[in-house]
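**Student:** Using the numbering used here, the first residue of the sequence shown is number 719, and each one after it goes up by one.
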Amino acid sequence: MRSEDGYRLLVQGVRDYGIFMLDTTGHITSWNTGAQRIKGYREDEILGQHFSVFYPPEDIAADKPARELEEAIREGRLEDEGWRLRKDGTRFWANVVITALFSDTGELRGFSKVTRDMTERRVADEALRESEERFRLLVHGVLDYGIFMLDTTGHITSWNTGAQRIKGYLEEEILGQHFSVFYPPEDIAADKPARELEEAIREGRLEDEGWRLRKDGTRFWANVVITALFSDTGELRGFSKVTRDMTERRAAEQALVERRRLLSHLVEAQELERRRIAWDVHDDSIQAMVAVGMRLQLLAGRLPDEHHELVEQLAESVRASVGRLRGLVVNLRPTTIDQHGLIPSLTGYLQDVVAPTGLKTELTSELAHEPPTPVSITLFRICQEALTNVHKHAHATRVEITLHSKDGGTLVRVSDDGVGFPDPAPDDPYRHFGLLEMRERAEIAGGWWSVASTPGNGTTIQFWLPTAPTQEL
Ligand SMILES: Nc1ncnc2c1ncn2[C@@H]1O[C@H](COP(=O)(O)OP(=O)(O)OP(=O)(O)O)[C@@H](O)[C@H]1O
Ligand SMILES: [Mg+2]
719 MRSEDGYRLL
729 VQGVRDYGIF
739 MLDTTGHITS
749 WNTGAQRIKG
759 YREDEILGQH
769 FSVFYPPEDI
779 AADKPARELE
789 EAIREGRLED
799 EGWRLRKDGT
809 RFWANVVITA
819 LFSDTGELRG
829 FSKVTRDMTE
839 RRVADEALRE
849 SEERFRLLVH
859 GVLDYGIFML
869 DTTGHITSWN
879 TGAQRIKGYL
889 EEEILGQHFS
899 VFYPPEDIAA
909 DKPARELEEA
919 IREGRLEDEG
929 WRLRKDGTRF
939 WANVVITALF
949 SDTGELRGFS
959 KVTRDMTERR
969 AAEQALVERR
979 RLLSHLVEAQ
989 ELERRRIAWD
999 VHDDSIQAMV
1009 AVGMRLQLLA
1019 GRLPDEHHEL
1029 VEQLAESVRA
1039 SVGRLRGLVV
1049 NLRPTTIDQH
1059 GLIPSLTGYL
1069 QDVVAPTGLK
1079 TELTSELAHE
1089 PPTPVSITLF
1099 RICQEALTNV
1109 HKHAHATRVE
1119 ITLHSKDGGT
1129 LVRVSDDGVG
1139 FPDPAPDDPY
1149 RHFGLLEMRE
1159 RAEIAGGWWS
1169 VASTPGNGTT
1179 IQFWLPTAPT
1189 QEL
C-alpha cells in the first residue's frame, strides 16, 4: 500500500471530524465518514457541489464562503465557529478550519476543510456559562455578606455589593489588592493573613472573629470564613472569603451583659439595703416599742380604774404596731432563709401573710437540694411578688406553689384559680413593675420566667433558676 492510500483510508475513517477537500473554486472533491455523519450528505450526493451549501442564508448574503477562502489563501489558514446547515436543513454549531493547499511552486491547488460539530459542547458551555452567570449575579447582589475571591497568593479577584457596603471599597479600587489591607497593623505584625490562608489550605476552611479595617480606617468586628478552593485534580485554585459585620451584634451583646451586670448590682444593693433597714427596725424600733408596751402594761395595773381601760387600749395598739412592724421586717428580709432554709420560710410566709387574706394555699416541694442562699432569696422574692399579685388582682380562692429540682436548677410554679389577666393586657408596662421585676430577677440569676393566663381560668407563673447544689436535704 502506498503511503498516500494510507492517508486516504485514515481520513475517510475518521468519524468525529468532517474532513474534505475543495478545489480552487470551492467545489467539493473528497468526503469522509465524519463529514457524512455531521452533515448528512453521502459522498455521491455532495461531490462536485459548492461548499457554500453548508452556510445559512445570512452568511451567503454576507458572501462569507468566498471571504473565508480568500482569507485562507492570504493567511494560509482560517478558523471559524458558527452555524452551519445539515442536509435536512437543521443547524449545528461548527468549528471549521480551512487550510489553503499550495504546490511546491506556490500555485494554489485547493483547500482542506476540517469541521467539528460543537453543538453539544456549545450547549454544555452555554449551560455552564448561564449557571455561572446566575451564581455571579446572586453572589454579587448579596448585601449582608461580603463575598469575594482571592487567588492562590491572596490577591482579590472578585468583589460583591455586600463587601463594598461593609468595607467601603469599590470593585475597581480593590481588585488585585492583597487581602491583608483589611487587617489592622497588629495582625499584620503577627503575620495573621498568611497564617489564615495556610490554615484554610490545611483544614479546608477557617473561621475567625476579630477586628478588621474599613477603607476609611475605622474598625468593625468581623466574622470571617475562608474556604480553600481546589480543582478536581486537587490543585489549589484560590480562596473564597465570606465576611459579616458583627459590630452591632457585638455591641448589643455587650450592652446586654453590661445591663445585666448593673441590674445584678442593683438587686444586690437593694437586698443589702433592705436587710439593713430590717435589722434597724428589728433591733431598734421594735425593741423600743416592745419596751413601751410592757411599761404601759405595768402602768395599767397600777392606775385607778377610770384610766385603766385607756392605757390597756394604748398597750394593745402598741402590740398591734409591733406585729405590723414584724410583718414589715419579714417582707424586707426573709431572715428565716438563712436560718431555716427556703421551704420553711415560704411556709411561714404563706401562713403569716397570705392565709390571713382568705386565700387557701398549698405548697408542694420536691426539691432534692437546698439551693444556695442567694438563689433561695431570689426564689422567695419572685414567689412573694407572684403571691402579692394573686392577692391584688386575681380574685382567686386558692393558690398552689410547687417546687421541683430540674436540669440542675429549681423550677417553681405559682398557679391561682382567679380571673386571669385582663384582656386586653394591661397597657402601660411602666406603671406596673411586678412582672418586669420577676423576669429581671430570674434572668439576672441566669434563669427564665414566663406567665400563662386565660381569662376566667387563672394565672400560672413559672420560672427556673440554676442552682449549684450545696447540701442534701
Ligand atoms: N395573678 C394575676 N391574676 C390576674 N391578673 C394579674 C395577675 N398578676 C398580674 N396581673 C395583671 O398584670 C398587671 C401587671 O402586674 P404587675 O405585677 O406588673 O403590676 P401591678 O401588680 O399592677 O403593680 P406593682 O408594680 O405594684 O406590682 C396587673 O395590674 C394585673 O392586671
Ligand atoms: Mg404586682
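Every residue gets a Cβ at the ideal spot worked out from N, C-alpha and C, and that includes glycine.
(1) Identify which residue in 1142, 1161, 896 and 954 has its Cα closest to the Cα of residue 921.
(2) Consider the C-beta atom of residue 1087 and the heavy atoms of ligand 2; say whether any pair is separated by less than 8 Å.
(3) Which term fits residue 1051, buried or exposed, when burial requires 16 or more other beta carbons within 10 angstroms of its beta carbon?
(4) With a Cβ-Cβ cutoff of 9 Å, do residue 750 and residue 732 count as a contact?
(5) Quick one: does the C-beta of residue 966 sit closer than 8 Å to a heavy atom of ligand 2?
(6) Which residues share a DSSP beta bridge with residue 1178?
(7) Is the beta carbon of residue 1139 within less than 8 Å of some heavy atom of ligand 2?
(8) Can you give me the C-alpha to C-alpha distance between residue 719 and residue 737, rounded to a whole angstrom?
(9) Any idea if residue 808 is buried or exposed, counting beta-carbon neighbours within 10 angstroms, 16 or more meaning buried?
(10) Any heavy atom of ligand 1 closer than 8 Å to the Cβ of residue 1163?
(11) Mapping the DSSP letters down to three states, classify residue 1067 as helix, strand or coil.
(12) Suppose the cutoff is 7 Å on Cβ atoms and the five residues either side in sequence are ignored; what does the same chain contact list for residue 767 look like?
(13) Considering only DSSP beta bridges, list what residue 795 is partnered with.
(14) Take residue 862 and list the residues in its own chain whose beta-carbon comes closer than 8 Å to its own, dropping the five residues that flank it on each side.
(15) What is the DSSP secondary structure of residue 715, counted as helix, strand or coil?
(16) Identify the residues that DSSP records as bridge partners of residue 828: which are they?
(17) Using only CA atoms, which one of 1169, 957, 824 and 753 lies nearest to residue 924?
(18) Comparing C-alpha positions only, which one of 806, 1086 and 927 sits nearest to residue 960?
(19) Cα-Cα, which of 1122, 1065, 1115 and 1110 is closest to residue 1084?
(20) Any chance the CB of residue 1026 is under 8 Å from a heavy atom of ligand 4?
(21) Kindly indicate the opening and closing residues of the alpha helix (DSSP H) around residue 997.
(22) Looking at the secondary structure, which residues open and close the beta strand (DSSP E) in which residue 941 lies?
(23) Using 8 Å as the cut-off, can you tell me whether the stretch 961-979 makes contact with the stretch 935-942, which would need three or more C-beta pairs spanning the two stretches below that distance?
(24) Relative to the C-alpha of residue 813, which residue among 874, 1047, 762 and 798 is closest?
(25) For residue 1127, which three-state DSSP category applies?
(26) Taking 6 Å as the limit between beta carbons, can you name the residues of its chain near residue 1185, skipping five residues before and five after?
**Tutor:** Quick look at the numbers:
(1) In the sequence shown, counting from the first residue as 1, residue 921 sits at position 203. Checking every option, the nearest Cα to that of residue 921 belongs to 954.
(2) For the purposes of this step, residue 1087 is taken as residue 369 along the sequence shown, with counting starting at 1. Not under cutoff, so the answer is no.
(3) Residue numbering aside, residue 1051 sits at position 333 when the sequence shown is read from its first letter. It is buried - the Cβ of residue 1051 has at least 16 other Cβ atoms within 10 Å.
(4) Reading the sequence shown from its first residue, position 32 is the one you call residue 750. Reading the sequence shown from its first residue, position 14 is the one you call residue 732. Yes, the Cβ-Cβ distance between residue 750 and residue 732 is below 9 Å.
(5) Counting from 1 along the sequence shown, the entry for residue 966 is found at position 248. Incorrect: residue 966 has no Cβ contact closer than 8 Å to ligand 2.
(6) Numbered from its first residue, the sequence shown carries residue 1178 at position 460. Paired residue(s): 1133 and 1170.
(7) In the sequence shown, counting from the first residue as 1, residue 1139 sits at position 421. False, no ligand heavy atom lies under 8 Å from that Cβ.
(8) What you label residue 719 is simply residue 1 of the sequence shown in a count that begins at 1. What you label residue 737 is simply residue 19 of the sequence shown in a count that begins at 1. The predicted model places residue 719 with a pLDDT of 43, which falls under 50 and marks its position as unreliable, so this point remains unresolved.
(9) Taking the sequence shown and counting its residues from 1, the one referred to as residue 808 is at position 90. Its Cβ having fewer than 16 others within 10 Å, residue 808 is exposed.
(10) Counting from one through the sequence shown, the residue named residue 1163 turns up at place 445. Not under cutoff, so the answer is no.
(11) Locating residue 1067 in the sequence shown gives position 349, where the first residue counts as 1. The answer is helix: DSSP assigns residue 1067 an H, G or I state.
(12) To locate residue 767, count along the sequence shown from 1; it is residue 49. Same-chain partners within the cutoff: 745 and 746.
(13) Position 77 of the sequence shown, counting from 1, holds the residue named residue 795. Bridge partners of residue 795: 817.
(14) Taking the sequence shown and counting its residues from 1, one reaches residue 862 at position 144. 880 and 962.
(15) The requested residue 715 does not occur in the structure, where the chain is confined to residues 719 to 1191.
(16) Along the sequence shown, one-based indexing puts residue 828 at 110. DSSP output for residue 828 lists 819 as bridge partner(s).
(17) Within the sequence shown, residue 924 is the residue found at index 206, counting from 1. Taking only the C-alpha atoms, the option nearest residue 924 is 957.
(18) Working through the sequence shown from its first residue, we reach residue 960 at position 242. Per the Cα distances, 927.
(19) For this step, residue 1084 is matched to residue 366 along the sequence shown. When each option's Cα is compared against that of residue 1084, the closest is 1122.
(20) With respect to ligand 4, the structure shown offers nothing to examine, as its ligands consist of ligand 1 and ligand 2.
(21) The residue you call residue 997 lines up with position 279 of the sequence shown. Per DSSP, residue 997 belongs to the alpha helix (DSSP H) from 965-998.
(22) For the purposes of this step, residue 941 is taken as residue 223 along the sequence shown, with counting starting at 1. Element bounds for residue 941: 937-948.
(23) yes
(24) On the sequence shown, position 95 is the one that residue 813 refers to. The option with the nearest alpha carbon to residue 813 is 798.
(25) Working through the sequence shown from its first residue, we reach residue 1127 at position 409. It is a strand residue.
(26) The residue given as residue 1185 occupies position 467 in the sequence shown. For residue 1185, where only same-chain residues beyond five positions count, the Cβ hits under 6 Å are 1089, 1093, 1127 and 1128.
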